[in-house]
Amino acid sequence: ADDSPTALKVTSSVLLKRGYKVYMVTDGEQAVRETQRLQPSAVVVDLKMPKKDGYQVCAELKSDKEHYYPILLLTAREDIESLVQGLESGADDYIIKPFNEMEFIARVRVMLRLKHLNDDLLAANKKLKYLSDHDELTSLYNHRYFVTSLEKIMRSSASSKTNVCLSIFDVDFFKKVNDSYGHLEGDKVLKTMAQHLSDSFTEDCIIARYGGEEFTAIFPDRSLEFAVKATQQVIEDCHKISFKCQNTEYKVTMSAGVCSTDVLQSYKPGDLIQETDKLLYQSKKNGRNRVTYCGSSLIK
150 ADDSPTALKV
160 TSSVLLKRGY
170 KVYMVTDGEQ
180 AVRETQRLQP
190 SAVVVDLKMP
200 KKDGYQVCAE
210 LKSDKEHYYP
220 ILLLTAREDI
230 ESLVQGLESG
240 ADDYIIKPFN
250 EMEFIARVRV
260 MLRLKHLNDD
270 LLAANKKLKY
280 LSDHDELTSL
290 YNHRYFVTSL
300 EKIMRSSASS
310 KTNVCLSIFD
320 VDFFKKVNDS
330 YGHLEGDKVL
340 KTMAQHLSDS
350 FTEDCIIARY
360 GGEEFTAIFP
370 DRSLEFAVKA
380 TQQVIEDCHK
390 ISFKCQNTEY
400 KVTMSAGVCS
410 TDVLQSYKPG
420 DLIQETDKLL
430 YQSKKNGRNR
440 VTYCGSSLIK
């Protein structure tokens with residue numbers, strides 16, 4: 150990015166000669182817009198440009214938290230204050246014009262190394278964030294994320310006086326699967342059930358692995374009738390899934406409990422979990438492969 154056609158030609162020719170793909174712009178506004186559009190590996194910016202100067206370009210590009218653009222600042226000014234201001238605005242390095250070709254290319258290569266290192270770091274951080282929120286086996290949200298989300302949703306719903314429903318699912322006789330076919334087969338069952346749950350609910354529902362063979366579904370701003378019918382459908386569809394191991398075909402069922410804040414008259418996450426868990430226990434006690442819900446008279 151440079152408003153001088155001569156400087157632009159000189160700078161770009163040095164880069165093109167060494168096999169780099171170069172995009173050229175002549176003012177600061179274009180520099181910001183085209184950088185965000187093209188997402189280049191490095192940006193070379195002149196300090197003095199129309200519409201937006203190099204300081205403004207650096208500051209705007211560095212405010213993007215999703216992408217990292219290493220910036221090499223070109224300047225004809227040799228006073229320390231200008232260079233310091235450029236670096237404080239977000240530039241990663243600078244070079245004074247007219248520059249030595251070898252030094253310029255060396256500094257560009259440093260920018261590219263910074264880009265690769267930052268991309269690796271961003272990817273690692275995204276992976277860590279994913280792992281902190283998701284269950285490794287099933288790829289559903291994990292227990293910690295479930296609890297945090299439920300607390301947040303309950304606070305918001307308490308303020309807006311909207312209903313929240315919770316379903317807790319448990320795979321019936323899961324120990325028998327592990328004992329009969331081994332833990333690898335048990336893992337396959339859990340992953341299949343997790344995918345079944347994930348595919349069965351609308352996007353606004355938060356599906357998580359609560360622990361072991363238990364799963365949860367949070368229904369923000371949904372009626373009890375909606376949550377019960379959705380949960381019932383999952384239980385019915387689950388029974389249609391067939392598994393095969395060691396030339397033996399078998400089926401797995403799930404039981405569930407469903408509770409809502411409207412019936413419970415409480416927005417405390419612990420109360421909702423405890424009551425839903427009791428309803429799940431009733432499903433287990435009454436024969437499994439079924440749904441038990443609070444306020445059954447409300448459901449037609």
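Quick note, the working numbering runs 149 ahead of the 1-based positions in the sequence shown.
We put the beta carbon where it would ideally sit given N, CA and C, even for glycine.
- If you draw a 10 Å sphere on the C-beta of F322, you find fewer than 16 other C-beta atoms in it, and that means exposed.
- In this structure, DSSP gives G335 a helical state, which the three-state scheme calls helix.
- Fewer than three pairs of CB atoms, one per stretch, sit closer than 8 Å, so the region 409-417 makes no contact with the region 434-441.
- Here E334 has V326, N327, F392, C394 as same chain residues with Cβ atoms under 8 Å from its own Cβ, once five neighbours each way along the sequence are excluded.
- By the Cβ neighbour-count rule, A191 is buried, with 16 or more other Cβ atoms within 10 Å of its own.
- Under a 10 Å Cβ-count criterion, G235 is classified as buried, with 16 or more other Cβ atoms of the shown protein chains found around its own Cβ.
- Counting other Cβ atoms within 10 Å of its Cβ, Y218 reaches 16 or more and is therefore classed as buried.
- With fewer than 16 other Cβ atoms inside 10 Å of its own Cβ, L261 counts as exposed.
- Between the region 367-380 and the region 310-319 there are three or more inter-stretch CB-CB distances shorter than 8 Å, so the stretches are counted as touching.
- Just measuring C-alpha positions, the residue of G360, H216, T397, L222 sitting nearest D202 is L222.
- For P369, the pairing in a beta bridge is given by DSSP as V313.
- With respect to the 8 Å criterion, M303 and Y416 are classified as neighbours on the basis of their beta carbons.
- Exclusion of the five residues before and after I355 leaves S298, I367 as the residues of its chain whose Cβ lies within less than 6 Å of its Cβ.
- DSSP places V171 in the coil class of the three-state scheme, outside both helix and strand.
- One alpha carbon belongs to K337, the other to L289, and they sit about 14 Å apart.
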